[in-house]
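In this text, residue positions in the sequence shown follow this note's numbering: the first is 6, and each later residue adds one. Where a beta carbon is used, it is the ideal one built from N, C-alpha and C, also for glycine. Notes follow once the structure below has been shown.
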Amino acid sequence: MDCLKAEESLVRGRGGSIFFTQLRRIFMIMALLSVGAAGGTTKNVMGKDPLKRPSDAVQLVGNQGHVMVPEGKGDSKWVFKDGVLTASPVWDSVITPGVYADFLMHVEFNVNDVPDAKDPEKNGNSGVYIQQRYELQILNSHGILPEDYKTSYAGSLYRQKKPDKLVSKPAGEWQTYDIVFRAARFEGDKKTENARISVRHNGVLIHDDYAFKNKTGAGKREGPEALPIKLQGHHNPVKFRNVWIQRLNLEALEEKAEAPKKKKKGYTYVIPFDEIPPSPALSPKEGLKSFVLHEDFEISTVAHEPEIQNPLALRFDGDGRMWVVEMRAYMSNANGEGEEEPIGRISIHEDSNGDGFYDKSSVFLDGLNQPRSIALYKNGILFGGHEKLFFVENKNGKAGRMTIIDENYTQGGNVEHRTNALMRGLDNWIYNVKSDTRYREIDGKWVKEKTKFRGQWGMSQDNYGRLHYNQNWFGIQADHLMPNLLSRNPNYLLGGNDSTRISFRDKLYPARITPGVNRGGEGDIDDKGYLKAATGACGPMVYRGDQFPPEFRNTALFCEPAANLVRMIHVGRKDGLLSGEHLMGEREFLASKDERFRPVNLFNAPDGTLYVVDLYHGIIQHKHYLTRYLREHIEHRDLESHPKLGRIYRVKHKGSPRGAQPKLLGRKSVDLVPFLAHANGWWRDTAQQLIIDQGDLSAVPALNKLARDISKPLGQIHALWTLEGLGALNLEAVSGALLSMDPYVLESAIRLSELLPDAEPLLPKFVELSERPDLVVQLQLAASLGRIRSGKSLELLRDVLVKNINQPFFREVAINGLAGREKEFQDLIGHDFPDEKFRRYLLHCLTPKTTAAAFKAPRDKTHLASFKRGEKFYVANCMACHGPDGNGLELLGPPLVGAEWVTGSPKKVAAILLQGLMGPIKVKGETYTPAAAMPGLKAAPEITDTDLADVATFVRFAWNNAKGGVKPETVSEVRKELGDRETAFTPEELLKRYP
């Protein structure tokens, strides 16, 4: 689709012009109430530096789509492709769905050239019509002399004013307008102040706070109401990209001095507790009324308390029954009392009459200590407990024999930071977040293998096996590559990271004020009390169902329980690399006005819909990180009440029926093969898992046939990986799949060719594929050719690398695929290989390695005991951000290895632990900027000064830091010195106080 109809439906809705008019009125009110940071002029708003898109700006035209709609009736003939919106060849303009008064706007445009145009105004003609009233002209005006320049040429305010400087670029080159606009002011129908504008053209100021005399040209009549922004269609294919707009409030009168915000114990309370609306626990029926959902969708409750309480995760079995993980002991009050009581459980729920509500429930397994994740496997389940990974046999819906799979599944951490997910990947491995290991049963034995450390809570995958996950501040992260392609060579220790941010710290649009966040008084919420960006993102999900219309199928979603919402992101893919963009304007896909709505996980359902797991809880923050501010917020507003609730919802598109209830259990493997090509990803995944779990090789001929069926690319991918899971991968299936034109089928086939006993017959096909333009295919060739035992494969690898060496990841996947063959490849390419960096990689692999000791434990017995206790504390509370090896994690925590903040004075590290640290910080000369402040532990009642002294001792000895222990008395002394201080230190403040 050339335009994202999803966004068009946001504006037009199901009520046609009536809805459009109502929405326009809403945007008018928003424009009047918008806030910004300037006075009654457009001067000096932009500053001197190039503009960067603010977090609260609305992306009008972006990489993945646009939100512009036709100005008139009927469909627009504007075309969107590859991030560029091209104007209609006829008289046909588009406008923003919202209306704007004062604003900051960025426009990138590219004019066409009409050779020998008799009328200069017909050469590359378009314009930015501000409020549909005032036109900033776009035209092909490069090279026109100043004396010949007219007020109708590029950069002019049409027929009113020429630009102060002429800086147009030639046709075909991208140009920019940066615009600050202040709307005219009216008292009733009388204009009291003219509209004003400042414009930079290609970075040069061409209009400096100009006051419009009136509307320009064919613009609409001036008036007090805000109107949309128009991009003019004027018979010329002018192109637009990266267009965004930010609301401002450029008041003419001096703002009244704000009333001082209430201060208490060091915090600035943005919203006093008495002014926050109450948050009573609502019944499931009442709760549904609180939702604000995209108008094309509907939401219903499928299960709720008392049958489920504090749900965290779920899975559907082959017959559609819902298995739910319930952490019933989570945060019963602000002190987390009873947290380790074994009252958690796993329950089974069934919709017995097909009406959509799960009316039958039973307990499969109870008496559990903080269960967190589940996977259905063979004749039972895998579930992640507080520390261990278990397999439990299913005896007709009741738990049978329990086997420990991994004694050290969670590797420590508090509830928020323990291993979870248990997601069965396309490649037949089981993946987790908050973990660097993956699992697989091979020949009856469970194998635990190293993988990349990923995420915090929840995991999903796309149709091609890319893993999606997140951290509190990352809405969604994803791997550009299939798993483990960057960790296959033990000789290569230089690392590599293929993670990308699909959504990171983008502006949120909650449906209610959200002051109940940990640092609510320290910049996480705006002046009106709304959370500005994610601080508790979790439960990411790639939508892979078939019930939503096509325009919603390239989307991913995540939960933000602190803001009571679920955000939808449009995910794009170019040359195999992922990117994301929020395209719903100033709203969310799903939000609630009920503060106790706490979405924590999302799942694709058998019927093609979206399932939302709602903890439905007053308290979402774990006790270890409760600041005094949030603790008082909870107590003052009675959010400790009703801690034993929980709901699960279904979100369905109104225009399509739900899919059929599955009946896959008990089917023969061969009868499950057709479902590998189902339109719904849940069916494909489940069929693959059931066939592999059955281990029935009679399905191999049918799988071979599907692997060769180029009309069903997703079926081919699943057939190949199902054969791999059965241990029945064969040359016939792989060679047949290599005939596909789909790059992702080819990717899987090339990857799996590594496992064939003899893949040399495929090399002629690989030579042919190396000429294809698809970078995803080229990249997989670079990753796999080194693992195919043939001299010819290395020659082809050399050619593929030479052609693509400067493309992302080619060096890294190639060196990882060459494990054990580095010398052979070095001899082949010689010293004339055109990339010095890759030659260094080879030399690195061939250089003998020495491994330094991880720890230099203290010899003193007292310090040694403290060191050992501190190691446990570090694993439970610090490893989540600073990593298991102390080298830090991107945007979460800086390195501790050799860090002067750790190895300096004992008081300094004690102050950091007690009070926290925020802002950019330098470690060994390199600057690190964590996404949020490190929370201090001073207010945690269960953490003692001895605990903090222990962890300080650990980090000062670990990783060869060897800087001596810290005594509890030192921590107590610093605690006394800090007094009632609540805010975290900046590095400058800390150094001034504890040099």
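To the nearest angstrom, report how far apart Val209 and Leu486 are at their CA atoms. 41 Å
Residue interval of the beta strand (DSSP E) (run including Ser161): Segment: none, Ser161 is in no beta strand (DSSP E) and carries neither H nor E.
Buried or exposed (CB count within 10 angstroms, at least 16 for buried), Asn502: exposed
When the Cα of Asp832 is compared with those of Cys883, Asn821, Arg844, which residue comes out closest? Arg844
So, is Leu28 buried or exposed, given that buried needs 16 or more other C-beta atoms within 10 angstroms? Reliability fails at Leu28, whose pLDDT of 42 lies under 50, so the model's placement of it is uncertain and the value that follows must be treated cautiously. By the neighbour-count rule (16 or more Cβ atoms within 10 Å), Leu28 is buried.
Using three-state DSSP, classify Val116 as helix, strand or coil. coil
Under the three-state reduction of DSSP, which class applies to Trp96: helix, strand or coil? coil
Return the chain-ordered list of same chain residues with a C-beta closer than 8 Å to the C-beta of Leu734, the five sequence neighbours on each side being excluded. Leu725, Leu728, Leu757, Leu760, Leu761
Backbone CA spacing between Val99 and Asp121 [nearest angstrom]: 28 Å
Once the 5 residues before and after Ser753 are set aside, which same chain residues still bring their CB inside 6 Å of it? Ile722, Leu725
Give a yes or no on whether the C-beta atoms belonging to Tyr215 and Ile202 are separated by under 8 Å. yes
Would you call Trp96 buried or exposed, if buried means 16 or more other Cβ atoms sit within 10 Å of its Cβ? exposed
Distance, Glu800 Cα to Gln783 Cα: 14 Å
Would you call the CB atoms of Ala684 and Ala712 closer than 8 Å? no
Please list, in chain order, all residues of the same chain as Glu310 whose beta carbon is under 6 Å from its beta carbon, the five residues on each side excluded. Leu650, Gly651
Cβ separation of Asn477 and Ala542, assumed to be a contact under 8 Å, to the nearest whole Å: 6 Å
In angstroms with no decimal places, state the Cα-to-Cα distance between Thr197 and Asp213. 20 Å
Host alpha helix (DSSP H) of Phe959 (start-end): 950-962
Taking the alpha carbon of Glu737 as the point to measure from, which residue in Ser716, Gly730, Pro718, Leu708 has its own alpha carbon closest? Leu708
Check the C-beta distance from Ala954 over to Val971 and give it rounded, since I have them as a contact under 8 Å. 5 Å
Would you check if there are 3 or more beta carbon pairs closer than 8 Å linking the segment 48-63 to the segment 247-258? yes
Delimiting residues of the beta strand (DSSP E) encompassing His473: 472-476
At a threshold of 7 Å, does Leu293 count as lining the ligand MG (C-beta to nearest heavy atom)? For the structure depicted, the ligand MG is absent and the ligand set is empty, with no information on it obtainable.
Does the pairing of the segment 127-138 with the segment 219-239 give three or more beta-carbon distances under 8 Å? yes
Let me check one thing: in DSSP terms, what residues is Asp619 bridge-paired to? Pro604, Arg652
Tell me the rounded alpha-carbon separation between Arg510 and Gly480. 7 Å
From what residue to what residue does the beta strand (DSSP E) around Trp906 run? Element bounds for Trp906: not the beta strand (DSSP E) but the alpha helix (DSSP H), 905-908.
Ser508 versus Leu702: straight-line alpha-carbon distance, rounded: 42 Å
Express the C-alpha separation of Glu565 and Ser295 in angstroms, rounding to a whole number. 16 Å
Less than 8 Å between the CB atoms is what I'm expecting for Ser352 and Ser367, so what's the real figure, rounded? 7 Å
Would you mind sorting Val979 into buried or exposed? The rule is 16 or more other CB atoms within 10 Å of its CB. buried
Put Tyr634 into one of helix, strand or coil per three-state DSSP. helix
Within the segment 420-469, note down every full alpha helix (DSSP H) run reaching 4 residues or more, in order along the chain. none
Figure out for me which residue from Ala561, Asn494, Leu631, Pro662 has the closest Cα to the Cα of Val522. Leu631
Contact between the segment 593-607 and the segment 567-583 is defined here as three or more beta-carbon pairs at a separation below 8 Å; is this criterion met? yes
Exposure of Asn475, with buried meaning 16 or more beta-carbon neighbours within 10 Å: buried
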